[in-house]
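Reviewing the structure listed below.
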Amino acid sequence: MLDKIIEVRPGEGAKAEKLLTVNEWFFSKQHLEFGMPRPIAMEMLAQTGVCALLSMPEYKGHNVFFGGIKEATYKDSFRPGDKLELAVEMTKLKRNIGEGHGTVTRDGEVICEGTLIFAIE
């Protein structure tokens, strides 16, 4: 779902970009006014966080799963034409469980943030 990974700091965090276009699979021509479904923003943050985990040598060849959302807040909707910047900072990492705080910004303003749980197999 991400367009570009901008930065990866193994075990610490990652940053990515996504430009939402009208051609995204989740936008329907009849329902464009509703914007992108909010859970998709969490999935994009999860994909960003996974980059920070899988770049660690000890997790090479492992699978990382999105274990859940501890909390999430949304301050605005997501529309075609939005250029989103995603960032995840890992806050806890113990063996096979990780936690990270993610933010989605548009034009320098945070429009979504949440705490994500990761499970490493």
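Counting in our numbering, the sequence shown runs from 2 upward without gaps.
Idealized CB from N, CA, C, for every residue including glycine.
If you're wondering where the values come from, they're calculated on a predicted model, not measured in any experiment.
Between M2 and E44, is the Cβ-Cβ spacing less than 8 Å? Locating residue 2 in the sequence shown gives position 1, counting from the first residue. Locating residue 44 in the sequence shown gives position 43, counting from the first residue. Yes, these two residues count as a Cβ contact at 8 Å.
Would DSSP call G50 helix, strand or coil? Your numbering for residue 50 matches position 49 in the sequence shown. In this structure, G50 counts as helix in the three-state DSSP scheme.
Distance, Y60 Cα to E122 Cα: For the purposes of this step, residue 122 is taken as the residue at position 121 of the sequence shown. For the purposes of this step, residue 60 is taken as the residue at position 59 of the sequence shown. Whole-angstrom Cα-Cα distance: 9 Å.
Look at the Cβ atom of K76, then the Cβ atom of V111, and state whether they are nearer than 8 Å. Walking along the sequence shown from the start, residue 76 turns up at place 75. Walking along the sequence shown from the start, residue 111 turns up at place 110. A contact, by the Cβ cut-off of 8 Å.
Would you kindly report the start and end of the unbroken beta strand (DSSP E) that includes L117? Within the sequence shown, residue 117 is the residue found at index 116, counting from 1. Its beta strand (DSSP E) spans residues E110 to I121.
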